[in-house]
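S.K.: In my numbering, the protein residues as written are 5 to 451. Each residue gets a CB set at the ideal place from its N, CA and C atoms; glycine is no exception. Only a predicted model underlies this, so the values are computations on that prediction, with no experimental measurement involved.
1. Just grab the DSSP bridge partners of residue 269 for me.
2. Could you have a look at residue 308 and say whether DSSP puts it in helix, strand or coil?
3. Please state whether DSSP places residue 30 in a helix, a strand or coil.
4. Going by CA-CA distance only, name the one from 51, 280 and 426 that's closest to residue 20.
5. Assess contact between the region 219–226 and the region 195–211, defined as three or more Cβ pairs (one per stretch) separated by less than 8 Å. Is contact present?
6. Give me the residue from 407, 391, 400 and 403 with the minimum Cα distance to residue 380.
7. Should residue 134 be labelled buried (16 or more other beta-carbon atoms within 10 Å of its own) or exposed?
8. For a quick check, are the C-beta atoms of residue 299 and residue 344 less than 8 Å apart?
9. Would you mind working out which of 335, 290, 304 and 405 sits nearest residue 349, comparing C-alpha positions?
10. Name the two residues that bound the continuous beta strand (DSSP E) containing residue 407.
11. Which same chain residues, not among the five before or five after residue 249, have their C-beta less than 8 Å away from its C-beta?
12. For residue 410 versus residue 423, is the C-beta distance shorter than 8 Å?
13. Which word fits residue 444, buried or exposed, when buried means at least 16 other C-beta atoms lie within 10 angstroms of its C-beta?
14. What number of angstroms, rounded off, separates the C-alpha of residue 272 from the C-alpha of residue 401?
15. Do residue 201 and residue 215 have their C-beta atoms closer together than 8 Å?
16. Among 405, 363, 222 and 425, whose alpha-carbon lies nearest the alpha-carbon of residue 393?
17. Going by other Cβ atoms of all chains shown within 10 Å of its Cβ, with 16 needed for buried, is residue 284 buried or exposed?
18. Since residue 454 and residue 26 are thought to touch, with beta carbons under 8 Å apart, how far apart are those beta carbons, to the nearest angstrom?
19. Within the continuous beta strand (DSSP E) that includes residue 141, where are the two ends?
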């Protein structure tokens, strides 16, 4: 793009002059590319003793507003403020609360930034579309566009291919266990580079259930298949096969890095297989390590460099987890299966279970066409929290029954409060409610 215009970007900045403080803001810059945007922003921040922690959604103002129409009143004046004579305008800085200040920035800065993109629509048959897309428009810039991060390589990192400095490689880590024998066949004919994260005897025994690292290409048919939904041909999107990754680190070093995390030890020195490629795991661990206020976790820094992880929260929502550049020579925290991490992962699995339940129940709602899925999912999660905490209903099928009655059929559960809070087993509670509801329905039918 050669024409100059107003570009917008979301920023988190770090103040170098006083106690370590992080700020969030939006910036408008008169630029012709992301590269120009980044250069001019660094020049402006240098004069203010600020540095970039992370930078995202750098787009021409028209494209930014097309994606965030609700920000017109905020972004419009910011974009109109920049021109050739005044190329940079930064919105007021909002302090990001990350904990109490200490002597080192590493102790208070969040090393992982997590955001979401909702209302994802996977590809369909694309009848009459030429050329056909391989990735939905909302995800293409994240998966195959430029990623703007501070260049801290200094030119001495041998694992970085200079040809890819502006456009990082795109990888997928896919779980063959969700498509045994089929996924490996698709990979064999894809023309893409791929390799299992297992090797030796483990690969021989579990090859059809192993995680596979795949280097994706934007114009490849297998890439298209991954992002095609049920309305397309042989689409795999709804299978939620794994996670996606952007990194300037090469294939071999990426594989070497993630192989270290396929098995982890707990506090008793016992080995566990660790399926970090499951969609919710990366965001859950990111939140956990950000809350620890400590060193950045090595999992998120393949080759010692920052990376972007793209994972499916559900079929309509994608979570973006970005690790920010660590200082040169920084020490990373190792990932171990501690009781706290186990609790984090247990909560993640519970949330995933509820999310899937919400997807199944949403299709049964008569007014689903007039209801946002995200709102229904939030309502489901809140009700499940009550059911688990107050009624001690934890088994999936019984939680689903309560949600079906309450959220889909509109059944008032207050008359059953005594049953739900009783000391009976989950099966007895749900059985009693089901019997009473059946009796009431029979009486209404006779009437």
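M.R.: Looking at the coordinates:
1. As a working mapping, residue 269 is identified with position 265 in the chain shown. In the DSSP output, where bridge partners are listed per residue, residue 269 has 275.
2. Translated into positions along the chain shown, residue 308 becomes position 304. Correct three-state label for residue 308: helix.
3. Against the chain shown, residue 30 aligns to sequence position 26. It is a strand residue.
4. Within the chain shown, residue 20 is the residue found at index 16, counting from 1. Ranking 51, 280 and 426 by Cα distance to residue 20 puts 51 first.
5. yes
6. One-based indexing of the chain shown puts residue 380 at position 376. Residue 380 has its Cα closest to that of 407, out of 407, 391, 400 and 403.
7. Taking the chain shown and counting its residues from 1, one reaches residue 134 at position 130. It is exposed - the Cβ of residue 134 has fewer than 16 other Cβ atoms within 10 Å.
8. Taking the chain shown and counting its residues from 1, the one referred to as residue 299 is at position 295. Taking the chain shown and counting its residues from 1, the one referred to as residue 344 is at position 340. No; because the gap between Cβ atoms is not below 8 Å, this pair is not in contact.
9. By 1-based counting over the chain shown, the position of residue 349 is 345. Answer by Cα proximity: 290.
10. Position 403 of the chain shown, counted from the start, is the residue given in the question as residue 407. That residue, residue 407, is in no beta strand (DSSP E); its alpha helix (DSSP H) goes 400–407.
11. For the purposes of this step, residue 249 is identified with residue 245 of the chain shown, where counting begins at 1. Excluding residues within five positions, the ones whose Cβ falls inside 8 Å are 174, 175, 176, 177, 258, 306, 311, 312, 313 and 314.
12. Reading the chain shown from its first residue, position 406 is the one you call residue 410. Reading the chain shown from its first residue, position 419 is the one you call residue 423. Not closer than 8 Å, so no.
13. Here residue 444 is taken as the residue at index 440 of the chain shown, counted from 1. So residue 444 ends up on the exposed side.
14. Against the chain shown, residue 272 aligns to sequence position 268. Against the chain shown, residue 401 aligns to sequence position 397. Roughly 34 Å separates the two Cα atoms.
15. Working through the chain shown from its first residue, we reach residue 201 at position 197. Working through the chain shown from its first residue, we reach residue 215 at position 211. Going by C-beta atoms, residue 201 is nearer than 8 Å to residue 215.
16. Translated into the one-based positions of the chain shown, residue 393 becomes position 389. Nearest C-alpha to residue 393: 425.
17. To locate residue 284, count along the chain shown from 1; it is residue 280. Buried, because 16 or more other Cβ atoms sit within 10 Å of the Cβ of residue 284.
18. Only positions 5 to 451 of the chain appear in the structure, and residue 454 is not among them; the question remains open.
19. Translated into the one-based positions of the chain shown, residue 141 becomes position 137. Segment: none, residue 141 is in no beta strand (DSSP E) and carries neither H nor E.
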